[in-house]
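Please read the structure below before turning to the comments.
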Amino acid sequence: MSTPIIEARDVSLSFGSVRALRDVSLTIGPGEITALVGDNGAGKSTLVRCFSGVHRPQSGTVLLDDWPVSFSSPEAARSQGIETVHQNLALVEDLTVWQNLFLNRELTRFGMLDRRRMRRDAARMVSELAVNVPEVTSRVRRLSGGQRQAVSICRAAGFSSRLVIMDEPTAALGVQETKKVEELIVRLRDEGHAVLLISHNFAQVMRLSQQVWVMRAGQCVAGRRTEQTTGEEIVGLITGAVAA
Amino acid sequence: MSVVAHTDAAPHGASPEAPETGSGTGGVGESWRTRVTDLSFWAERASGIGLVLLLVVFTALDPSFLSSGNIAGILSASAALIILAVAQTFVVATAGIDLSIASVMTLGIVVLGQLYAAGTPLGLCFVGAIVAGLLAGLVNGFLVAKAKITDFVVTLGMLSAASGLGLILSDGQPVTVTEGFFFDISLDGPVSMVSWIVVLAIVVAVVAHVVLFHTRFGTHVLATGGSPEAATATGIRTDRVKLAVYAIAGLLAGLAAIIVVARLGSTPPAANTTYLLNSVAAVVLGGVSLFGGKASILGPVFGALLLTVLLNGLTTLGVSQYYQPLSVGVVVVAAAFLMRFQK
Chain A
24 MSTPIIEARD VSLSFGSVRA LRDVSLTIGP GEITALVGDN GAGKSTLVRC FSGVHRPQSG
84 TVLLDDWPVS FSSPEAARSQ GIETVHQNLA LVEDLTVWQN LFLNRELTRF GMLDRRRMRR
144 DAARMVSELA VNVPEVTSRV RRLSGGQRQA VSICRAAGFS SRLVIMDEPT AALGVQETKK
204 VEELIVRLRD EGHAVLLISH NFAQVMRLSQ QVWVMRAGQC VAGRRTEQTT GEEIVGLITG
264 AVAA
Chain B
289 MSVVAHTDAA PHGASPEAPE TGSGTGGVGE SWRTRVTDLS FWAERASGIG LVLLLVVFTA
349 LDPSFLSSGN IAGILSASAA LIILAVAQTF VVATAGIDLS IASVMTLGIV VLGQLYAAGT
409 PLGLCFVGAI VAGLLAGLVN GFLVAKAKIT DFVVTLGMLS AASGLGLILS DGQPVTVTEG
469 FFFDISLDGP VSMVSWIVVL AIVVAVVAHV VLFHTRFGTH VLATGGSPEA ATATGIRTDR
529 VKLAVYAIAG LLAGLAAIIV VARLGSTPPA ANTTYLLNSV AAVVLGGVSL FGGKASILGP
589 VFGALLLTVL LNGLTTLGVS QYYQPLSVGV VVVAAAFLMR FQK
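Chains as they are written, first to last, in the numbering used here: chain A, 24 to 267; chain B, 289 to 631.
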């Protein structure tokens, strides 16, 4: 396997007496969709937050392109090309689509916002990726759930990001919208982004991912190539019924 | 959009900021009709429409209402309130509130008066008033953003502290400021009916509009108010944004202090709570959401003008002063009710 984009080596993190992560080691390869599965409270979100700069491991290291890194903030992780699509999407309802796409990445000219260029670039970003293209000048408040998800994913995919982390991107969506977002995720991969997908939907994991990591009680208990495993085995690994 | 958008005015007519009534199908006439029958259309323009209505009513009742002298008087009387309303808008846009704004202005007035009484050059007196306002605003901002104390409590405390400080510094005595300069700026101006203090208020409003809608900082202010989680997730330092808006509010309150002194020729040390209520009222009338994230500068400016016209008109018609607070209250609550129809 080629050099992983990001790697966790023996990462541990406790909140008080709760050991959220215990010596977690896993890798995320370039150009593929890596799924992270596990029960609620298994530590998936906590691990992801170590990658996105929200948490810092208390021991162990996170390596980016084989180099140890320590992100001081989400902004630091973003500047290294690690983007996150948050579960709550992190969109500002009363701002327009283009304003959300460029939030804290605003383009300026002589200190003033370059609204025209941002609108134009936003239209291109959205039309390249999204299927049901929302108008970039409409406010997010007016968009459907799927369109919001698309905007949030477009924001993560833009700005030459290398790894896009998605925390249950289709949890709140209907069947049609889920299908469209899944197409979007596949397109992201085909364009060369690595994707880390947290999902409770095993059918989705089997459909989309190339690699699956299973977490249980703060530990990474197993890793499988998707083509060499089955949904039943994954469920067994999550519950502990199948030994890793 | 053919009419000025209050919520996020885009001066370049090139691209519509928000498609007002959906699909954009049908001709101009149809979309215009659906717009006008849409209550949200009226809600977003409440202050401007209300202002025009009041002008029509008062002029009908008393044709001398629109005399050049009265217009000049209304504009000058609204200058300080316009600046306070703009200041309040920045704070409210982050979903905060500055209850201390009028007290901080009074502190600025007192500092100006004491410096003047000590023989300080007028320019330095002005700087003193602005710095005093800025410092009070920074304290507010620090306590809200860094110490994480509720804005309501912090600024309520500052309301009392700043007016108390004003009384201590002045020993409760006003200073009479007889400077020709003050008459010049409050009575004369570049064009008739527009005095220099009105020009100052307009400049503040224009700069505020540019800052709010054409700078990164302005976008971050709206994002901080609209969704603190989203703002933080994209790396916006919401604590710095909050610190900044309270500092701006304090600084502008200091600036408004100069205007009040210029108009009165004296530095009354007693806090004027009407300014506080009217600044919040102007913001509400202007269609700014008290929940943050949605703001306008033109709306609150019209709101401030509306309130000034209302008081001026009632006085012109000889209505007892006792009815004025009641009328302001009714207008504000009616405006807030109309805002419910805003989308």
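Where a beta carbon is used, it is the ideal one built from N, C-alpha and C, also for glycine.
Integer-rounded CB distance, given that residue j should sit under 8 angstroms from residue i
i, j, result
"G514 (chain B)", "G580 (chain B)", "6 angstroms"
"L400 (chain B)", "T555 (chain B)", "6 angstroms"
"S458 (chain B)", "S364 (chain B)", "Not a contact, Cβ separation roughly 25 angstroms."
"G591 (chain B)", "S335 (chain B)", "4 angstroms"
"V244 (chain A)", "V60 (chain A)", "With a Cβ gap of about 11 angstroms, V244 (chain A) and V60 (chain A) do not count as contacting."
"I188 (chain A)", "I105 (chain A)", "7 angstroms"
"E345 (chain A)", "G169 (chain A)", "Any question about residue 345 (chain A) goes unanswered here, given that chain A covers just 24 to 267."
"G254 (chain A)", "M229 (chain A)", "6 angstroms"
"G429 (chain B)", "G396 (chain B)", "G429 (chain B) to G396 (chain B), Cβ: 17 angstroms. No contact."
Residue burial classification, residue i (beta-carbon count within 10 angstroms, cutoff 16)
i, result
"Y610 (chain B)", "exposed"
"D190 (chain A)", "buried"
"M135 (chain A)", "exposed"
"R628 (chain B)", "exposed"
"V204 (chain A)", "buried"
"S1 (chain A)", "Beyond the ends of chain A as shown, which are 24 and 267, falls residue 1 (chain A); an answer cannot be given."
"L412 (chain B)", "exposed"
"T313 (chain B)", "Any reading at T313 (chain B) is ruled out, since the residue's pLDDT is 35, under 50, leaving its predicted position unreliable."
"K582 (chain B)", "buried"
"V589 (chain B)", "buried"
"I456 (chain B)", "exposed"
"A179 (chain A)", "buried"
"G452 (chain B)", "exposed"
"W269 (chain A)", "Here chain A comprises residues numbered 24 to 267, so residue 269 (chain A) is not present and cannot be evaluated."
"N566 (chain B)", "buried"
"G317 (chain B)", "Annotation note: pLDDT 46 at G317 (chain B) (below 50); position unreliable, coordinate value reported separately. Flag for G317 (chain B) reads exposed."
"F232 (chain B)", "In the structure displayed, chain B extends from 289 to 631; residue 232 (chain B) sits before or after that span and is not available."
"S40 (chain A)", "exposed"
"F94 (chain A)", "buried"
"G617 (chain B)", "exposed"
"W101 (chain A)", "With the sequence shown as reference, residue 101 (chain A) is identified as Arg, and Trp is not the correct amino acid for it. It counts as buried."
"Q227 (chain A)", "buried"
Which residues DSSP lists as bridging residue i, in chain order
i, result
"A190 (chain A)", "The sequence shown places Asp at residue 190 (chain A), rather than the Ala named in the question. In DSSP, D190 (chain A) forms a bridge with A:I221."
"E106 (chain A)", "A:V187"
"P270 (chain A)", "Past the boundaries of the shown model lies residue 270 (chain A); chain A is included only from 24 to 267, so the question cannot be answered."
"V482 (chain B)", "B:V479"
"V47 (chain A)", "A:V34"
"W330 (chain B)", "Bridge partners of W330 (chain B): none, in fact."
"P91 (chain A)", "A:L86"
"S554 (chain B)", "B:T464"
"V174 (chain A)", "None; V174 (chain A) has no bridge partner."
"V235 (chain A)", "A:A58 and A:R247"
"V41 (chain A)", "A:F38"
"T119 (chain A)", "A:R162"
"Q242 (chain A)", "A:R239"
Cβ shell of residue i (< 8 angstroms), same chain only, five flanking positions each side left out
i, result
"E256 (chain A)", "R247 and V265"
"I437 (chain B)", "L431"
"V492 (chain B)", "I370, I371, V374, L540 and L543"
"D46 (chain A)", "D33, V34, S35, G83 and Q242"
"T596 (chain B)", "I362, A365, S366 and L369"
"K434 (chain B)", "D527 and L531"
"R115 (chain A)", "With the sequence shown as reference, residue 115 (chain A) is identified as Val, and Arg is not the correct amino acid for it. Correct list, in chain order: Q122, N123, L126 and V163."
"L444 (chain B)", "L387 and S388"
Other residues of its chain near residue i: CB distance less than 7 angstroms, five sequence neighbours each side excluded
i, result
"L447 (chain B)", "L387, S388 and S391"
"S474 (chain B)", "S364, S483, I485, A550 and R551"
"Q81 (chain A)", "S35, L36 and S37"
"V620 (chain B)", "A569, V572 and L573"
"S480 (chain B)", "S356"
"T69 (chain A)", "L36, A43, L44 and H78"
"V509 (chain B)", "F378, A381, T382, L500, V529 and V533"
Other residues of its chain near residue i: CB distance less than 6 angstroms, five sequence neighbours each side excluded
i, result
"P27 (chain A)", "T50, I51 and G52"
"M238 (chain A)", "G61, A65, G66 and K67"
"S184 (chain A)", "G104 and E106"
"F346 (chain B)", "F353 and G601"
Legend entry - Cβ-based contacts, 7 angstroms cut-off: residues of the segment 69 to 82 of chain A near chain B: Within the segment 69 to 82 of chain A, no residue qualifies.
Legend entry - Positions along the segment 577 to 596 of chain B whose CB lies within less than 8 angstroms of some CB in chain A: S577, G581 and K582
Legend entry - Where the segment 107 to 125 of chain A meets chain B: residues whose CB sits under 9 angstroms from a CB there: T107, H109, N111, L112, A113, L114, V115, E116, D117, L118, T119, Q122, N123 and F125
Inset, instruction - Could you name the residues of the segment 186 to 203 of chain A whose beta carbon sits closer than 7 angstroms to any beta carbon of chain B, in the order they occur along the chain? - result: none
Legend entry - Residues, ordered as in the chain, of the segment 522 to 537 of chain B that lie near chain A by beta-carbon distance below 8 angstroms: T522, G523 and I524
Legend entry - Where the segment 124 to 149 of chain A meets chain B: residues whose CB sits under 9 angstroms from a CB there: F125, L126, N127, R128, E129, T131, G134, M135, L136, R138, R139 and R142
Inset, instruction - Name, going along the chain, the residues of the segment 483 to 506 of chain B whose beta-carbon falls closer than 7 angstroms to a beta-carbon of chain A. - result: H502, T503 and R504
Legend entry - Residues of the segment 351 to 366 of chain B with Cβ closer than 9 angstroms to any Cβ of chain A, in chain order: For the segment 351 to 366 of chain B, which is checked against every Cβ of chain A, not one residue is closer than 9 angstroms.
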